[in-house]
Structure formats: structure tokens, C-alpha cells
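Trainee: Below you'll find the structure I mean.
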Amino acid sequence: TGGQLTLTGSLGHVVRIPVVVQPVALAVPAAVSGTGDPISYPVTFGYTGSFTAAARGLVPAVVTAGTVADDPTDGGCSLTTPNAVLVPVTIDAGTTYARFSLFDADVNPGSDLDLCVFRGTTSVGSSAGGTSAEEVNLLNPAADTYTVVVQGWGVDGTTPFALHTWLLGSADAGNMTVSAPAAAVTGATGMIDLTFSGLTAGTKYLGSVAYSGSEGMPNPTIVRVDVP
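When we follow our numbering, the leftmost residue of the sequence shown carries the number 26, and every step to the right adds one.
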């Protein structure tokens, strides 16, 4: 759909800017989260036809515990950061999503850790907030061995940490059931309902809902479930 945006200035100048609106096949949230209770979210269709929403995962986090010392330079996160802990992670072919996370609950109070990820010597993601709640996500990462760097940017001596890693493929793990509309109708809104089973207490899970039925579908909706 095309048109134009008209801007009129205070001196009477008129500027017309061509505008093209690209239709969207499906509008969905990028991510949803919960604690194991059912989750529902709306989707809006930009086409008419068949529609499928498929579960990927859920997979539990692989937790790597360690201790990191303060970086006295307070520099950027890198493969050569002083006192950083380097964790190798192998990502297999067919991985659709990778997430690496740190949490404030796993470190000494007041600690500020940063996180960065490298493929070889090339940085593919980093997270450097003001706390130790850090997260790096990779969509459809290439198969390879990656290095996850945990930096003690602001630490009083040393602190424990727990690196959480999720490597999500395309398989349905059988612990998340997806209920979705059977067909799409242009302009209509439907609901996706997620229910969960067989989850382990005290475990953080990651999955996604992948969509099909038309060209131009969005990336899967990421599903995070932290079971108390």
C-alpha cells in the first residue's frame, strides 16, 4: 500500500514524502514468559489461509557455576579481559536460538558482571548493564565452538556466578502444548494458548513458538518459563 506524508512549514513550504506500507503476514509478541501456569497471547493476521503454530522446546538451562575476580581495568568485555572467565560452548547445526544469561541472584550483592560472546575472535553479542543481570541472544547461530566471557567489571574481590545456557533446536520436547486458530483471516485476531507439563521445580526453561502458513512470517515467539 502506497501514499504520501505531507509536511507543511510555518512559512508555507510543503514537502511530500512518498510512503510505502508493507503488509505484515502475522503480528505476534517477540517473547512471553511465566512460571509454569498457562500463558495466552494474541496474534493478528495479515492474510487468509492455513495457519500453524508449533512448539520448539522447552529445554532446561545448562548451568555453569564459577567464580570471577574483579577486572581492575574496568575496560570492555573481551577475550583478553583481565581476570575474566572464558566458557567454551559448542553450538550444533540446527540450533534455532541460543541464549546466555547471568542473574543477580547468583552473585554477591552489589556485584556488576558483564557478558560477551565470541565466535573465534569475532564478537557476536554483548551485555553490559549496571548489574549482573545480563543476556546475549543469537538467532539461528552458525554451528561452531563459541566462547562466552564472564567479566567481573565491578566486583569486591571475587564473586560466584552461574552462567545459564540454552541451545534451542526445532524439536518439540513434549512439555509445552500449543493451541492456536486452525486458519488465518485477514484482519482477525486470534489467541495462542500455551500449557506446560512435566517441568522440574527450580529450573529455568526456554522454548519458542514457530509459525507457518504464509510467506513473510515473523521470527518465532520466545517462551521463557522459570519454575519456582
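We put the CB at the ideal spot given by N, CA and C, even for glycine.
#1: Quick test of your reading: Leu-140 and Cys-102, contact by CB under 8 Å. State the CB separation rounded to the nearest angstrom.
#2: Put Asp-181 into one of helix, strand or coil per three-state DSSP.
#3: What first and last residue would you give for the beta strand (DSSP E) that runs through Pro-63?
#4: Can you tell me whether Asp-99 is helix, strand or coil according to DSSP?
#5: Can you name the residues that DSSP bridges to Met-258?
#6: Quick one: grab the DSSP three-state call for Ala-109.
#7: Quick check on this structure: which residue in Thr-115, Leu-193, Ala-205 and Tyr-171 has the alpha carbon closest to the alpha carbon of Arg-249?
#8: Can you have a look at Met-216 and say buried or exposed, based on whether 16 or more other CB atoms are within 10 angstroms of its CB?
#9: With DSSP as the reference, label Asp-197 as helix, strand or coil.
#10: Start and end of the beta strand (DSSP E) containing Cys-93?
#11: Grouping DSSP H, G and I as helix and E and B as strand, with all else coil, what is Asp-117?
#12: Report yes if the CB atom of Thr-69 is closer than 9 Å to the CB atom of Gly-179, and no otherwise.
#13: Taking DSSP as the reference, what is the three-state secondary structure of Ala-226?
#14: Are the CB atoms of Leu-219 and Ile-42 nearer to each other than 9 Å?
#15: Would you mind working out which of Pro-185, Gly-199, Thr-184 and Glu-160 sits nearest Val-173, comparing C-alpha positions?
#16: Just to confirm before moving on: does the CB-CB distance between Pro-14 and Ala-94 stay below 9 Å?
#17: Please classify Gly-82 as buried or exposed, where buried requires at least 16 neighbouring CB atoms within 10 angstroms.
#18: Specify whether the region 187-202 and the region 223-232 touch according to this definition: at least 3 beta carbon pairs, one from each stretch, less than 8 Å apart.
#19: Thinking C-beta only, is Asn-133 closer than 9 Å to Thr-184?
#20: Given Thr-246, which residues of its chain have a CB within under 7 Å of its CB, disregarding the five upstream and five downstream residues?
Mentor: Looking at the coordinates:
#1: As a first step, residue 140 must be located in the sequence shown, where it is residue number 115. As a first step, residue 102 must be located in the sequence shown, where it is residue number 77. Taking the Cβ atoms as the reference, Leu-140 lies roughly 7 Å from Cys-102, within the contact range of under 8 Å.
#2: The residue you call residue 181 lines up with position 156 of the sequence shown. If DSSP states are grouped into helix, strand and coil, Asp-181 belongs with coil.
#3: Mapped onto the sequence shown, residue 63 falls at position 38. Taken as a continuous stretch (DSSP letters only), Pro-63 belongs to no beta strand (DSSP E), as it is neither H nor E.
#4: Translated into the one-based positions of the sequence shown, residue 99 becomes position 74. Note: Asp-99 maps to coil in three-state DSSP.
#5: There is no way to answer for residue 258, as the model of the chain reaches only from 26 to 253.
#6: Locating residue 109 in the sequence shown gives position 84, where the first residue counts as 1. In the three-state DSSP reduction, Ala-109 falls in the coil class, being neither helix nor strand.
#7: If you number the sequence shown from 1, residue 249 lands on position 224. Answer by Cα proximity: Leu-193.
#8: Sequence index remark: in the sequence shown, residue 216 carries index 191 (1-based). Result: exposed.
#9: On the sequence shown, residue 197 is found 172 positions in, with the first residue counted as 1. Residue state, collapsed to three classes: strand.
#10: The sequence position of residue 93 within the sequence shown is 68, counting from 1. Checking the displayed sequence, the identity of residue 93 turns out to be Val instead of Cys. Where Val-93 is concerned, the enclosing beta strand (DSSP E) stretches over 87-94.
#11: Locating residue 117 in the sequence shown gives position 92, counting from the first residue. DSSP places Asp-117 in coil when its eight states are reduced to three.
#12: Along the sequence shown, read from residue 1 onward, the residue named residue 69 stands at position 44. Along the sequence shown, read from residue 1 onward, the residue named residue 179 stands at position 154. Taking 9 Å as the Cβ cut-off, Thr-69 and Gly-179 do not qualify as a contacting pair.
#13: Within the sequence shown, residue 226 is the residue found at index 201, counting from 1. Correct three-state label for Ala-226: coil.
#14: To locate residue 219, count along the sequence shown from 1; it is residue 194. To locate residue 42, count along the sequence shown from 1; it is residue 17. No, the pair does not count as a contact, with Cβ atoms beyond the cut-off.
#15: What you label residue 173 is simply residue 148 of the sequence shown in a count that begins at 1. The shortest C-alpha separation from Val-173 is found at Glu-160.
#16: Nothing can be reported for residue 14, as the shown portion of the chain is limited to 26 through 253.
#17: As a working mapping, residue 82 is identified with position 57 in the sequence shown. Gly-82 comes out buried.
#18: The answer is yes - the region 223-232 touches the region 187-202, with three or more Cβ pairs under 8 Å.
#19: The residue you call residue 184 lines up with position 159 of the sequence shown. The residue you call residue 133 lines up with position 108 of the sequence shown. Annotated as proximal: Thr-184 and Asn-133, with beta-carbon spacing under 9 Å.
#20: Position 221 of the sequence shown, counted from the start, is the residue given in the question as residue 246. Closer than 7 Å at the Cβ level, and outside the excluded window around Thr-246, lie Val-53, Pro-54, Ala-55, Ala-56, Val-57, Ser-233 and Val-234.
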